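Student: I have a structure here, written as structure tokens, and I will follow up with some questions on it.
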Amino acid sequence: MALSTSPSDRQPGIAIRPLQVDSLHLTEIPRPQPGPGEVQIKIRHVGVCGTDRELIRAHFGAAPAGEEVLVLGHEMLGEVAAVGAGVQGFAPGELVTATVRRPDNCPACQAGQPDMCQWRQYTERGIAGLHGYMTETVVEDPRYLIPVPPALAHAGILVEPLSVVEKGLRQANLIQRRINSWNPKQAVVFGTGPIGLLGALMLLVRDIDVVVVGRRPAQSLLAAEIVEAAGGRYLAVSDDDLHKVGADLPSIDLILEASGRQGPFFPAIQMLGANGVLVLLSGMRRSSEVSVSPAAINGGLLGGNKVIVGSVNSAKEDFELGVADLARFEARWPGLAERLITRRVPGLVEFAQILEQPAGDIKTIIEV
């Protein structure tokens, strides 16, 4: 089947057959037109992340009702192409991004918090029940759109992963209202992918001292250069030596776990200071069984009033906070955030390239 990118009623999309291995392919889907109350968006950039690769590996995912394939992509930067009747606040030519999750009827969703969904019957763009953004044009409800200033066009694709960290830190701050004197000074970040690095920049722009922990030597790692350029510190530490990370630090107020590995979890509990918060931002790959005493976990948390909080997805307010923080990054460290974009795939037809993940790759994007 020949695939055309010319204006028509059909358009290409990078898709999978959910829960089927080796099903990544280029398909054709209808090119949507905006109805009343809808916004048509021309996709500029789509991010590729670990979730997309897990979908490709058939770990999870669901096609829209009545369909066999799912178009991937939940990180998007696009341009408003047209607006339907009654739409206010958006005009052709403006840059936008969009939230990922759409609500079900649970109490949290009905209260405007689909990121805290209780029933888990939600749909998600490019993940569960809704086609994603790895195509040319989409139509969206303006309630789920977030404006992106033209000055952030070069790095606006990072707003979605940044929103995930924004939510995690927002949750930590809400929890820490239990402490009248909460004013974090020292943080540790595990992980050198987009979530970990964006989390580090978020903390550094707030003048919090940050140590980012990875496994590869700093001399060979762009992530280390980015951290140090922003005023942070990078440590290369093996899992066997993680317990040493906090040895020369003052009390650690906040830890972000964004590595997706088991190794840092228990050492993080131990190194966290009194009244501290450990925020889990990444799904954990199961590599081996670990034997740990429940009493040790209990003692590590209870004695210091420590908290562990898991955080997934993000709300519209987190996207808005992400746009604001991306602007702060640009003002303080011009061009630094864009360095996280390490690979650009030239067009949808090169879809097979999203399977690749070269050493040192931080963020791959598709330039539609």
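If you read the sequence shown in our numbering, its first letter stands for residue -17, the second for the next number, and so on. The beta carbon of each residue, even a glycine, is placed where N, CA and C say it ideally should be. Everything numeric in this text was worked out from a predicted model, so none of it was measured.
Is it buried or exposed for GLY181, if we count other Cβ within 10 angstroms and need 16 for buried?
Tutor: The sequence position of residue 181 within the sequence shown is 199, counting from 1. Classification of GLY181: buried, given that the 10 Å Cβ count is 16 or more.
Student: Would you call the region 55 to 65 and the region 135 to 148 in contact, with 3 or more CB pairs under 8 Å?
Tutor: Segments in contact, yes.
Student: Count the other C-beta atoms from every protein chain shown that fall within 10 angstroms of the C-beta of ARG188, then say buried if there are 16 or more, exposed otherwise.
Tutor: If you number the sequence shown from 1, residue 188 lands on position 206. ARG188 comes out exposed.
Student: Do ILE234 and LEU260 have their C-beta atoms closer together than 7 Å?
Tutor: In the sequence shown, the residue the question calls residue 234 occupies position 252. In the sequence shown, the residue the question calls residue 260 occupies position 278. Taking 7 Å as the Cβ cut-off, ILE234 and LEU260 do not qualify as a contacting pair.
Student: Tell me whether the beta-carbon of VAL121 lies closer than 7 Å to the beta-carbon of PRO46.
Tutor: Mapped onto the sequence shown, residue 121 falls at position 139. Mapped onto the sequence shown, residue 46 falls at position 64. Going by C-beta atoms, VAL121 is not nearer than 7 Å to PRO46.
Student: To the nearest angstrom, how far is the alpha carbon of ILE161 from that of PRO12?
Tutor: Looking up residue 161 in the sequence shown gives position 179. Looking up residue 12 in the sequence shown gives position 30. The straight-line gap from Cα to Cα measures roughly 53 Å.
Student: Assuming PRO371 and GLU239 form a contact by the criterion Cβ under 8 Å, report the distance between their Cβ atoms to the nearest whole angstrom.
Tutor: Outside the shown range of the chain, which is -17 to 350, sits residue 371, and nothing can be said about it.
Student: Can you list, in chain order, the residues of its chain whose CB lies under 6 Å from that of MET98, leaving out five sequence neighbours each side?
Tutor: Numbered from its first residue, the sequence shown carries residue 98 at position 116. Around MET98: ALA90.
Student: Residue range of the alpha helix (DSSP H) that PRO89 falls in?
Tutor: The residue labelled residue 89 in the question sits at position 107 within the sequence shown. Its alpha helix (DSSP H) spans residues 89 to 92.
Student: For a quick check, are the C-beta atoms of VAL170 and VAL146 less than 7 Å apart?
Tutor: Looking up residue 170 in the sequence shown gives position 188. Looking up residue 146 in the sequence shown gives position 164. Taking 7 Å as the Cβ cut-off, VAL170 and VAL146 do not qualify as a contacting pair.
Student: Just the Cα atoms here: how many angstroms apart are LEU151 and ASN257?
Tutor: For the purposes of this step, residue 151 is taken as the residue at position 169 of the sequence shown. For the purposes of this step, residue 257 is taken as the residue at position 275 of the sequence shown. Rounded to whole angstroms, LEU151 to ASN257 spans 15 Å at the Cα level.
Student: Three or more C-beta pairs closer than 8 Å, one from the region 203 to 214 and one from the region 329 to 340: is that the case here?
Tutor: Segments in contact, no.
Student: Pull up the CB-CB distance for ALA200 and THR174, whole angstroms please, since I reckon it's below 8 Å.
Tutor: Taking the first residue of the sequence shown as position 1, residue 200 is located at position 218. Taking the first residue of the sequence shown as position 1, residue 174 is located at position 192. Actually they are not in contact, since the Cβ atoms of ALA200 and THR174 sit about 10 Å apart, beyond 8 Å.
Student: How about the region 108 to 127 and the region 307 to 325: do they share at least three Cβ pairs that are nearer than 8 Å?
Tutor: In short, these stretches do not touch, since the Cβ pair count stays below three.
Student: My output table needs one value for VAL331: the three-state DSSP class, helix, strand or coil.
Tutor: Position 349 of the sequence shown holds residue 331. It is helical.
Student: From what residue to what residue does the alpha helix (DSSP H) around VAL146 run?
Tutor: Position 164 of the sequence shown, counted from the first residue, corresponds to residue 146. Where VAL146 is concerned, the enclosing alpha helix (DSSP H) stretches over 141 to 157.
Student: By alpha-carbon positions, which one of ILE157, ASN295, PRO(-6) and ALA218 ends up nearest to TYR384?
Tutor: The first residue shown for the chain is -17 and the last is 350, placing residue 384 beyond what the model contains.
Student: Run the CB neighbour count on LEU156, radius 10 Å, all protein chains shown included, and call it buried at 16 or more, exposed below.
Tutor: Position 174 of the sequence shown, counted from the start, is the residue given in the question as residue 156. Looking at its Cβ environment, which holds fewer than 16 other Cβ atoms inside 10 Å, LEU156 is exposed.
Student: Within this structure, are the beta carbons of PRO166 and ILE128 separated by less than 7 Å?
Tutor: Against the sequence shown, residue 166 aligns to sequence position 184. Against the sequence shown, residue 128 aligns to sequence position 146. The answer is no: Cβ separation not under 7 Å.
Student: Residue ranges of each alpha helix (DSSP H) run of no fewer than 4 residues wholly in the region 294 to 338, ordered along the chain?
Tutor: If we require 4 residues or more, the alpha helix (DSSP H) runs fully inside the region 294 to 338 come out as 298 to 314.
Student: Have a look at GLN22 and ASN87 and give me their C-alpha separation to the nearest angstrom.
Tutor: By one-based count along the sequence shown, residue 22 stands at place 40. By one-based count along the sequence shown, residue 87 stands at place 105. Spanning the two alpha carbons is a distance of roughly 26 Å.
Student: For GLY29, write down the residues that DSSP places opposite it in a beta bridge.
Tutor: For the purposes of this step, residue 29 is identified with residue 47 of the sequence shown, where counting begins at 1. Answer by DSSP bridge pairing, in chain order: GLU57 and ILE347.
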